[in-house]
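Beneath this line is the structure, given in structure tokens, with notes to follow.
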Amino acid sequence: MLGNSFFNIEDIMQAQAFEYITIILSIALILILLILARSRSIIYSIILLSGISTLSCLLYLLLDAPDVALTEAAVGAALSTVILINFAIRLKASNISPNSKNKILLGICGSIVSIVLLLKIGSELPPIGDSSSPIHNSAAKHYLERTNNEIGIPAFVAAILASYRGFDTFGETTVILIAAIIVTLIMNIKDAK
Amino acid sequence: MQNKQATLIIAEISRALIPFLIFFSFYIQIFGEVGPGGGFQAGAILATCLICYDLCIRSSDKFMNNDTLLFLAAAGVLIYAATGMWSLLFGANYLNYDLLPVKAAQSLGIILVELGVGITVYSSLMVIYNEIKA
Numbered sequence: 001m002l003g004n005s006f007f008n009i010e011d012i013m014q015a016q017a018f019e020y021i022t023i024i025l026s027i028a029l030i031l032i033l034l035i036l037a038r039s040r041s042i043i044y045s046i047i048l049l050s051g052i053s054t055l056s057c058l059l060y061l062l063l064d065a066p067d068v069a070l071t072e073a074a075v076g077a078a079l080s081t082v083i084l085i086n087f088a089i090r091l092k093a094s095n096i097s098p099n100s101k102n103k104i105l106l107g108i109c110g111s112i113v114s115i116v117l118l119l120k121i122g123s124e125l126p127p128i129g130d131s132s133s134p135i136h137n138s139a140a141k142h143y144l145e146r147t148n149n150e151i152g153i154p155a156f157v158a159a160i161l162a163s164y165r166g167f168d169t170f171g172e173t174t175v176i177l178i179a180a181i182i183v184t185l186i187m188n189i190k191d192a193k
Numbered sequence: 194m195q196n197k198q199a200t201l202i203i204a205e206i207s208r209a210l211i212p213f214l215i216f217f218s219f220y221i222q223i224f225g226e227v228g229p230g231g232g233f234q235a236g237a238i239l240a241t242c243l244i245c246y247d248l249c250i251r252s253s254d255k256f257m258n259n260d261t262l263l264f265l266a267a268a269g270v271l272i273y274a275a276t277g278m279w280s281l282l283f284g285a286n287y288l289n290y291d292l293l294p295v296k297a298a299q300s301l302g303i304i305l306v307e308l309g310v311g312i313t314v315y316s317s318l319m320v321i322y323n324e325i326k327a
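Line by line, the protein sequences are chains A and B. Numbering follows the working numbering, with no gaps: position 126 of the first sequence is 126. Numbering follows the working numbering, with no gaps: position 43 of the second sequence is 236.
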């Protein structure tokens, strides 16, 4: 019954619509990045960074990753913008001098080489959702088959994060604690006279 | 005068939205093993709500001290480590949830672990914001 209901015309149209929206959002992301590279004011750049985080959150949602989208919306779009603006207000106005011609030429050559390499390598990847690609057959298949018997919760992401790979999550939590301690130590340095 | 009106609109909208968002973060924390969510997301959203309150409505009184928040952050990591230490006392390897004395042992282990992660993420983000603000 699952095989019969996949080839409806509505499902195919929905998959195509998702594909087109993903392409449009990616092009919008590239355009915002180009504007960001040419902006001169700091507050303008910070607001563009927040826009990039919001578009990335939408892209994660379209590519079936709601956990990552939640975290990106809360941390990337909201919190990092607040912290960056708090810092940017305290900066004194510095004069930004334009780059010399040699640096601009080097930058353009490096960008063209990177774009050509990435397009060449990216065109050889298997299509998204291909069931015979190696990413769906080695580790993900093991977790999908065994989660119901060994752990018994419906969400695979929480099962992998907290039970199969629980020790890695322990390391991540410790890293967040260390970040808070280090920020406390750095912001309380008094000038040694 | 224009600035005061803009602040009033943002303050009133925040006053209406923040209780629902705090409740939403608790919902994401508890239902982390049934749908999308978990400790990281819940801690980040709770910290965002309280930072929004601090920015838009009132910023003079601190909800929690930095000392209390650092203690909470360390307590979160301690909850995580203690859940793993329980199975060491009974002879198995670290973070083995099957030895918890409940019938749905894996679920209890995941709930405790995500609770620790949520507390630590919330406290750390509030500490970072408090340090940078003042």
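The C-beta atom is built at its ideal place from N, Cα and C for all residues, glycine as well. Bear in mind that the values here come from a model prediction, so they are computed numbers and not experimental data.
Interface annotation for the segment 56-83 of chain A against chain B: Pro66, Asp67, Leu70, Thr71, Ala74, Val75, Ala78, Leu79, Val82, Ile83, criterion Cβ-Cβ distance under 7 Å. With contacts defined as CB atoms closer than 8 Å, A/Asp67 and A/Val157 qualify as a contacting pair. Across the structure, B/Asn259 and B/Ala266 are spaced so that their CA atoms are roughly 10 Å apart. Considering only beta carbons, the part of the segment 275-299 of chain B lying closer than 8 Å to chain A consists of Gly277, Tyr287, Leu288, Tyr290, Ala297, Gln299, in chain order.
Among the residues facing chain A, B/Thr261 is not included, as its CB has no counterpart in that chain under 8 Å away.
Distance from the CA atom of B/Ala298 to the CA atom of B/Ile223, rounded to whole angstroms, is 16 Å. Counting only residues of its own chain and dropping the five nearest sequence neighbours on each side, B/Leu214 has a CB closer than 6 Å to the CB of Cys242. A contact is defined here as three or more CB-CB pairs under 8 Å, and the segment 272-292 of chain B meets this definition with respect to the segment 163-171 of chain A. Identification of chain B residues near A/Phe167 by a Cβ-Cβ cut-off of 9 Å yields Gly277, Tyr287, Leu288, ordered along the chain. In the same chain as B/Ile203, and ignoring 5 residues on each side of it, the C-beta atoms closer than 6 Å to its own belong to Cys249, in chain order. Your pair B/Tyr322 and B/Leu239 does not check out as a contact, with CB atoms roughly 12 Å apart and the cut at 8 Å. Where A/Glu19 is concerned, the enclosing alpha helix (DSSP H) starts and stops at 9-37. When Cβ-Cβ separations below 8 Å define contact, A/Ile189 makes no contact with chain B. Assignment of A/Ser56 by DSSP, reduced to helix, strand and coil, places it in the helix class. In the three-state reduction of the DSSP assignment, A/Leu48 falls in the helix class, which pools H, G and I. Take B/Gly311, set aside five residues on each side of it, and the residues of its chain with a beta-carbon closer than 6 Å to its own are Gln222, Gly232, Ala235, Gly236, in chain order.
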